[in-house]
Amino acid sequence: MGVKLRIKQTAAFTARNIRVFFKDKGAFISALISPLVILLLYVLFLHGVLKGTFTQNLGDFKLDAELINGFVASFEVSSILAVCGVTVAFVANMSMVDDRVTGVRADLDVSPAPRGTLVFGYYLATFIITVAICLVTLAAGLLYIAASGWAMSVGDCFCAILDVILNAAFGTALSSVVCYFLKSKSAITAVSTIVSTVYGFICGAYYPVSQFATGISNTVMCLPGTYFTALLRTHFMGGFGSEFLASGMPASAAKGILDSLDVNFYFFGSKVPVWAMYVVAVCAVIVLVAIFVLINTIKIKRIKK
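Per my numbering, residue 45 is the first one in the sequence shown, and the count goes up by one each step.
Quick look at the structure:
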């Protein structure tokens, strides 16, 4: 089979999966609205609490209200985006499980299209859907930060976009591996619920890794999801370090604040540079994609036998 034909088949099947997802109003609304609702909850209920906690930690030092609001808003948005890339991917993968449940996948398997084309079509559709929804969330988050207090450079903005896309790739690979073993819609719903509840904590999004007990902290910092959160923290909140210093805050105090919220991320006491975070993130994606390819290759060989 020619390469051009395979590309056309993959593109057509990917487009089909995207259309199926967006036709499912429940899945679409759940994937799109959930991160925006969480952002709204942060704004309405938790922003004041986080702001109050941050202000109390400043002690007698007075910091401009716009800086405080912007710093807290950046923490909130980076937290949501760190979780969004994974949770949305699980929802987007529901179409793959639905095809198994309804028997559509069995019909597709006997079609002229190679099985590898179908697998890649599911994967690519999940990635495109996840990136699209995460970028919408990113746009809403940036508007919120702009209204609260801006400290991001142009470079930070582009890096944040890269972080979101890379996180979506990680979420797509992780969900594809997990969903491969799920055979019912109730199973993926249960898994998605568990992931939505637990992942935000084990990746350091909802609660900074630096605030965990030593044993838990050492365990969590070995998980790849933590480094995606650290990248988002760095690019959303790192610019506030110079703003704090410019406002007269002692360097030790500014560093302490950034350390406490994982803007400066440490691995067993050593600060992790940004390039190293990217290396871990990219390697995590590659490993998961390799696992996904391997399990599908094994299954294809078994079918041919």
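All C-beta atoms in this analysis are idealised placements derived from N, C-alpha and C, irrespective of residue type, glycine included.
Bounds of any alpha helix (DSSP H) do not take in Met196, whose DSSP letter is neither H nor E. DSSP places Phe134 inside the alpha helix (DSSP H), whose first and last residues are Ala109 to Ala136. For Ala297, the enclosing alpha helix (DSSP H) has its first and last residue at Ala295 to Ser304. With a cutoff of 7 Å on beta-carbon distance, Ala325 and Leu210 are scored as near each other. Looking at the backbone, the Cα of Met281 and that of Ala217 are separated by about 27 Å. Counting the other Cβ atoms within 10 Å of the Cβ of Val127 gives 16 or more, which makes it buried. Residue nearest to Ala183 within the set Ile232, Val121, Gly199 and Thr174 is Val121 (criterion: CA-CA distance). Apart from sequence neighbours up to five positions away, no residue of its chain approaches Val323 with a beta-carbon distance below 6 Å.
Relative to the Cα of Phe214, the nearest Cα in the group Asp108, Thr174 and Thr263 belongs to Thr174.
Tyr310 carries a strand assignment under DSSP once its states are collapsed to helix, strand and coil.
A distance below 6 Å between beta-carbons, with the five flanking residues on each side excluded, links Thr181 to the following residues of its chain, in chain order: Pro79 and Cys128. In the three-state reduction of the DSSP assignment, Lys227 falls in the coil class, being assigned neither a helical nor a strand state.
In this structure, the beta-carbon distance from Asn101 to Gly193 does not fall below 7 Å. The beta-carbon distance between Cys178 and Leu94, rounded to whole angstroms, is 22 Å. This is too long to meet the 8 Å contact definition. Relative to Phe134, the option among Val163, Phe171 and Ile205 whose CA is nearest is Phe171.
In the structure shown, the three-state DSSP call for Lys106 is coil. Between the C-alpha atoms of Leu168 and Pro268 there is a straight-line separation of about 22 Å. Nearest C-alpha to Arg50 among Leu162, Ala274, Ser304 and Val316: Leu162. Looking at the backbone, the Cα of Ile189 and that of Asp200 are separated by about 13 Å.
Taking a 10 Å sphere around the C-beta of Gly244, we find 16 or more other C-beta atoms and assign the residue as buried.
Residue range Phe284 to Ala290 is occupied by the alpha helix (DSSP H) that includes Phe284. Between Thr58 and Gly165, the C-beta gap is smaller than 7 Å, which places the two residues in contact.
Inter-residue distance for Thr241 and Tyr251 is about 13 Å (C-alpha atoms, whole angstroms).
Between Phe202 and Glu110, the alpha-carbon positions lie close to 23 Å from each other. About 6 Å separates the beta carbon of Leu305 from that of Phe119, a gap short enough to meet the 8 Å contact definition.
In this structure Val316 is in contact with Tyr310, their Cβ atoms being roughly 7 Å apart against a cut-off of 8 Å. Taking the Cα positions, Ala297 is about 12 Å away from Leu107.
Nearest neighbour of Thr237 by Cα position, chosen from Ser220, Val132, Val116 and Ile73, turns out to be Val132. Under a 10 Å Cβ-count criterion, Leu302 is classified as buried, with 16 or more other Cβ atoms of the shown protein chains found around its own Cβ. A Cβ-Cβ separation of about 25 Å leaves Ala295 out of contact with Thr273 under the 8 Å criterion.
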